[in-house]
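Worksheet: one structure, shown below.
In UniProt numbering, the protein residues as written are 1 to 487.
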């Protein structure tokens with residue numbers, strides 16, 4: 001939500017004007033004519049309707065069967081003109097009113113010659129200004145002040161003083177004035193440090209694309225160490241062996257084989273199968289893993305079925321990246337077993353209460369947002385001289401904060417898997433996580449991911465960078481307390 005030039009742009013609750021294609025809370029009149037597939041859904045904001053067609057929106061709204069310009073076949077928006085094989089007009093409100101026409105529609109009816117003449121006439125002040133600027137800068141500025149008085153509003157629509165020519169300085173003054181309303185919002189867009197690309201996790205050297213898989217495995221081991229009797233240092237050793245071990249040799253290292261067998265046995269027990277007494281040096285546990293992968297409904301194309309069917313020799317041919325995929329597949333499969341699900345629920349019995357609390361937060365945020373938007377609309381409806389700029393900026397800021405709170409509550413409500421650690425903050429394509437045990441003096445890590453979520457890269461921070469990131473991630477209430485303390 002933003003307030004610019006006396007208009008409130010609201011992508012959620014605003015109405016889209018067919019002419020300027022802006023979604024605002026401005027008064028807009030709806031077409032009342034039946035269309036081919038139901039009633040016409042076209043709206044025109046009051047500014048566009050007046051500037052482009054010379055019609056009063058409130059009078060049009062009172063008519064029982066008012067037909068919009070589109071239904072009447074006279075719409076001069078860029079889309080409709082292109083459909084009719086005509087050239088879009090661009091901004092013509094200045095030209096129309098400067099030549100004595102009540103609207104753009106009336107000017108267009110006079111023909112292309114009149115339109116060209118009107119555009120030439122309104123372009124004269126700019127040409128004069130350019131000539132004067134070289135010879136007498138001060139005099140040019142005085143001329144611009146005399147021509148001041150235009151009001152810019154919308155994409156193809158300009159509300160113009162009929163007694164004044166449009167001038168570039170007037171536009172600049174208005175832009176400077178309206179931009180002040182969103183100064184606070186611009187200041188919040190800080191340039192955050194990106195950090196250093198992570199290629200080493202707990203002593204294991206990795207390709208950048210494999211870091212996420214390594215972190216996933218390590219966090220799984222930390223969470224369920226007791227269930228699988230994972231000893232201290234074992235996850236680190238597994239990662240180091242997988243990523244640094246040779247593909248040659250006749251056996252899989254014991255520390256790696258034992259963990260695979262432990263995961264595989266739990267899956268078999270949950271399915272009512274009798275786990276075999278697998279030998280870490282044999283092929284059975286590898287071929288059995290390949291069997292479960294082939295039966296999976298969420299199988300990844302990257303998982304190597306052919307190699308696993310060959311037993312130890314096939315497994316040894318796998319790249320470190322594919323070995324991590326196999327290991328994480330077994331970890332994910334164990335999460336659906338009764339043993340781990342029961343443990344998760346037992347560790348977090350308050351999950352239901354949190355969901356209820358999240359729904360209550362969403363409801364309260366929606367009510368508060370509605371109240372604030374009503375106050376903002378009332379403030380913007382006042383005349384320019386009675387508006388309180390600080391009040392408007394404060395209301396917009398509060399509405400943005402409520403939207404963030406609402407999104408966070410929705411995420412809490414949808415959290416189905418209680419195991420997954422949640423990022424402390426998630427933006428478009430970026431998430432920040434707080435992990436302990438990876439680096440001595442820092443704990444925050446940055447994850448960058450694509451739209452599919454299949455590819456990601458991780459970054460670590462220095463102590464100085466983490467302080468900046470920490471302030472960015474801090475709760476708003478804490479930041480407000482800090483600002484009051486400094487004041």
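Backbone N, C-alpha and C fix where the C-beta goes; we use that ideal spot for every residue, glycine too.
In the structure shown, residue 10 falls within a coil segment according to DSSP collapsed to helix, strand and coil. Per DSSP, residue 45 lies in no alpha helix (DSSP H) segment; the continuous beta strand (DSSP E) that holds it begins and ends at 43-45. Closest in alpha carbon position to residue 29, among 38, 23 and 42, is 42. Cβ-Cβ distances below 7 Å link residue 103 to 51, 52, 53, 54 and 96 in the same chain, with the five nearest sequence neighbours on each side left out; the list follows chain order. Here DSSP, grouped into helix, strand and coil, assigns residue 194 to coil. If you look at residue 466, you'll find it isn't in any beta strand (DSSP E); it sits in the alpha helix (DSSP H) that goes 463-473.
In the displayed model, residue 200 falls within a strand according to three-state DSSP.
Between residue 206 and residue 200 the beta-carbon gap is near 7 Å, inside 8 Å, which marks them as a contact. Short of 7 Å from the beta carbon of residue 468, and not among the five residues preceding or following it, lie these beta carbons of its own chain, in chain order: 192 and 193.
DSSP, read as helix, strand or coil, puts residue 67 in coil. Membership of residue 444 in any alpha helix (DSSP H) is not indicated; the residue belongs instead to the beta strand (DSSP E) covering 444-449. A distance below 8 Å between beta-carbons, with the five flanking residues on each side excluded, links residue 107 to the following residues of its chain, in chain order: 92, 95, 96, 99, 101, 114, 115 and 118.
Counting other Cβ atoms within 10 Å of its Cβ, residue 251 stays below 16 and is therefore classed as exposed.
For the set 76, 289 and 375, the Cα lying nearest the Cα of residue 21 is the one of 76.
With the rule of 3 Cβ pairs closer than 8 Å, the region 317-333 counts as touching the region 253-265. DSSP places residue 459 in the uninterrupted beta strand (DSSP E) bounded by 456-460. Rounded to the nearest angstrom, the Cβ distance from residue 267 to residue 256 is 17 Å, too far for a contact under 8 Å. Residue 284 holds the alpha-carbon nearest to the alpha-carbon of residue 311 among 335, 457, 284 and 318. In the three-state reduction of the DSSP assignment, residue 232 falls in the coil class. Measuring C-alpha to C-alpha distances from residue 322 to each of 334, 239, 345 and 110 identifies 239 as the nearest.
Pairing residue 74 with residue 195, the inter-Cα distance amounts to about 56 Å. If the five residues before and after residue 455 are omitted, its C-beta is found closer than 8 Å to the C-beta atoms of 209 and 449, all from its own chain and listed in chain order. In the structure shown, the three-state DSSP call for residue 225 is coil. With at least 16 other beta carbons inside 10 angstroms of its own, residue 447 counts as buried. In the DSSP annotation of this structure, residue 251 is not part of any alpha helix (DSSP H), being labelled neither H nor E.
At the C-beta level, residue 17 and residue 48 come within 7 Å of one another. DSSP links residue 425 through a beta bridge to 432.
For residue 28, the enclosing beta strand (DSSP E) begins and ends at 28-30.
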